[in-house]
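Here the sequence shown stands for residues 37 to 314, where the numbers follow the working numbering.
We treat Cβ as the ideally placed atom computed from N, Cα and C, and that holds for glycine.
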Amino acid sequence: MRATALHDTRPTTNTVNPTTAPVEDARETGVRATSAADGSGAMFDRIARRYDLLNRVLSLGIDRSWRRRAVQATGLRADSEAEVLDLATGTADLALELSEAFPRARVLGVDPSPRMLEIGRRKCAGEERIELVEGDAQALVAPDASFDAVTIAFGIRNVPDREAALREMARVTRPGGRVVVLELAEPRSGILGVPARFWVHHVVPRLGALLSGDREYRYLQTSIARFPSAEEFAATMNCCGLEVIDRVSLTFGAATLFVARPRDTKRVAAPPAAEESR
Ligand SMILES: C[S@@+](CC[C@H](N)C(=O)[O-])C[C@H]1O[C@@H](n2cnc3c(N)ncnc32)[C@H](O)[C@@H]1O
Numbered sequence: 037m038r039a040t041a042l043h044d045t046r047p048t049t050n051t052v053n054p055t056t057a058p059v060e061d062a063r064e065t066g067v068r069a070t071s072a073a074d075g076s077g078a079m080f081d082r083i084a085r086r087y088d089l090l091n092r093v094l095s096l097g098i099d100r101s102w103r104r105r106a107v108q109a110t111g112l113r114a115d116s117e118a119e120v121l122d123l124a125t126g127t128a129d130l131a132l133e134l135s136e137a138f139p140r141a142r143v144l145g146v147d148p149s150p151r152m153l154e155i156g157r158r159k160c161a162g163e164e165r166i167e168l169v170e171g172d173a174q175a176l177v178a179p180d181a182s183f184d185a186v187t188i189a190f191g192i193r194n195v196p197d198r199e200a201a202l203r204e205m206a207r208v209t210r211p212g213g214r215v216v217v218l219e220l221a222e223p224r225s226g227i228l229g230v231p232a233r234f235w236v237h238h239v240v241p242r243l244g245a246l247l248s249g250d251r252e253y254r255y256l257q258t259s260i261a262r263f264p265s266a267e268e269f270a271a272t273m274n275c276c277g278l279e280v281i282d283r284v285s286l287t288f289g290a291a292t293l294f295v296a297r298p299r300d301t302k303r304v305a306a307p308p309a310a311e312e313s314r
């Protein structure tokens, strides 16, 4: 294992990792909204037990291939000894994909939901290169430039202050490293998007509520509809210390992969570049 700044900051006891600000601290700073149906850790605590099943069923299993695309987008070599930070790691599906793809890398997964993490830890049992800790993407206390890649899958939508989280991602990523954001989107208009839109608007909330017995799953539908367009979100990333270098629309626009690198903060920030839709 490499000795890095990350390892230096990891606790030796079973406490919250100082790489991230404890959730309570973040609450005190007023940057974190909390309610049971708002995408917060509290909401995910409530649906944690059924989360993986719901994910597989509601995405028809496609979520796995989207995560693999996110893993590839980190640009890391297969033999890389990289330090990777997976924010909003939840039940650790992306952390596991990263660890499998990069057998010499170390993955730190961060999420505010203890119950999601509990399930994630069970899935990661025996995976010494994966560590899961409680924390908030808006307030990381990891040293600057301490990760080779930072990922967040289906998580940024749930973060109340997205710009703060994006700035944190830019800050903790090493120069030349990548920030990869995978997020659900409103399926594109036109004939090709019809089945995807029907699925998202009519099937997902009903099936989700039925399977989970939890009205919170309706949150999925409204939060996707409220999420900015890919153009707008890429522009936001470009204003938060990141430079978007690729943007990929997946499965009729039902998800978008944003790939960025941290800007050289020593230079004056350039105005956000217009991104070509793909
Ligand atoms: C839809 S799940 C995604 C889990 C996982 N990344 C995956 O690919 O399945 C969204 C996660 O975002 C987490 N989350 C909510 N607010 C957050 C915040 N402020 N910082 C980090 N994660 C947050 C939730 O606890 C939840 O586990």
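Practice task
Could you check which residue in Glu133, Ala271, Ala137 and Leu121 has the C-alpha nearest to that of Ala199?
Solution key: Taking the first residue of the sequence shown as position 1, residue 199 is located at position 163. The sequence shown places Glu at residue 199, not Ala. It is Ala271.
Problem - Bounding residues of the beta strand (DSSP E) (the contiguous stretch that carries Leu121) - result: Working through the sequence shown from its first residue, we reach residue 121 at position 85. Counting along the chain, the beta strand (DSSP E) containing Leu121 begins and ends at Glu119 to Leu123.
Problem - Inter-residue spacing [alpha-carbon to alpha-carbon] between Asp44 and Ala245 - result: Residue 44 sits at position 8 when you count from the first residue of the sequence shown. Residue 245 sits at position 209 when you count from the first residue of the sequence shown. With a pLDDT of 36 at Asp44, under the threshold of 50, the predicted position of this residue should be treated as unreliable, though the coordinate-derived value follows. Taking the straight line from one Cα to the other gives about 44 Å.
Problem - Cut-off 6 Å between Cβ atoms - residues of its own chain near Arg151, not counting five sequence neighbours on either side - result: Along the sequence shown, read from residue 1 onward, the residue named residue 151 stands at position 115. Excluding sequence neighbours, Arg151 sits near Asp81 and Ala84.
Handout entry: Anticipated Cβ contact below 8 Å, Arg233 with Pro223, distance rounded
Key = Within the sequence shown, numbered from 1, the residue matching residue 233 stands at position 197. Within the sequence shown, numbered from 1, the residue matching residue 223 stands at position 187. Indeed, because the Cβ distance is near 5 Å, the residues count as touching under 8 Å.
Practice task
Compare the C-alpha of Leu220 against each of Asp180, Ala78, Arg262 and Leu243 and name the closest.
Solution key: For the purposes of this step, residue 220 is taken as residue 184 along the sequence shown, with counting starting at 1. Leu220 has its Cα closest to that of Arg262, out of Asp180, Ala78, Arg262 and Leu243.
Handout entry: Cβ shell of Ala201 (< 6 Å), same chain only, five flanking positions each side left out
Key = In the sequence shown, residue 201 corresponds to position 165, counting from 1. These residues qualify, in order along the chain: Ala173, Gln174 and Val195.
Problem - Other residues of its chain near Gln108: CB distance less than 6 Å, five sequence neighbours each side excluded - result: As a working note, residue 108 is residue 72 in the sequence shown. Once the five neighbours on either side are set aside, Gln108 has no close Cβ partner at all.
Exercise for the section: Using alpha carbons as the reference points, say which of Arg140, Ile166, Asn274 and Tyr255 lies closest to Ser76. Expected result: Looking up residue 76 in the sequence shown gives position 40. Residue Tyr255 is the option with its Cα nearest to Ser76.
Exercise for the section: Check whether the Cβ of Pro150 lies closer than 7 Å to any heavy atom of ligand 1, and answer yes or no. Expected result: Locating residue 150 in the sequence shown gives position 114, where the first residue counts as 1. For ligand 1, not one heavy atom lies less than 7 Å from the Cβ of Pro150.
Practice task
Verify the contact flag: Gly162, CB atom, against every heavy atom of ligand 1, threshold strictly below 7 Å.
Solution key: Residue mapping note: residue 162 aligns to position 126 of the sequence shown, counting from 1. Because no heavy atom of ligand 1 lies under 7 Å away, the Cβ of Gly162 does not count as near it: no.
Practice task
Specify the secondary structure class of Arg100 as computed by DSSP and reduced to three states.
Solution key: As a working note, residue 100 is residue 64 in the sequence shown. Looking at Arg100 - three-state DSSP - the assignment turns out to be helix.
Practice task
Say yes only if the C-beta of Ala232 is nearer than 7 Å to one or more non-hydrogen atoms of ligand 1, and no if none qualify.
Solution key: As a working mapping, residue 232 is identified with position 196 in the sequence shown. No, ligand 1 has no heavy atom inside 7 Å of this Cβ.
Exercise for the section: Kindly examine ligand 1 and report whether one of its heavy atoms sits closer than 7 Å to the Cβ of Leu130. Expected result: Along the sequence shown, read from residue 1 onward, the residue named residue 130 stands at position 94. Within the cutoff, so yes.
Handout entry: Buried versus exposed call for Leu112 [16 or more other C-beta atoms within 10 Å across all chains shown]
Key = In the sequence shown, counting from the first residue as 1, residue 112 sits at position 76. Its Cβ being crowded by 16 or more others within 10 Å, Leu112 is buried.
Practice task
Taking only the alpha-carbon atoms, compute the straight-line gap between Arg100 and Leu286 and give it to the nearest angstrom.
Solution key: For the purposes of this step, residue 100 is identified with residue 64 of the sequence shown, where counting begins at 1. For the purposes of this step, residue 286 is identified with residue 250 of the sequence shown, where counting begins at 1. Each residue's Cα considered, the two are about 12 Å apart.
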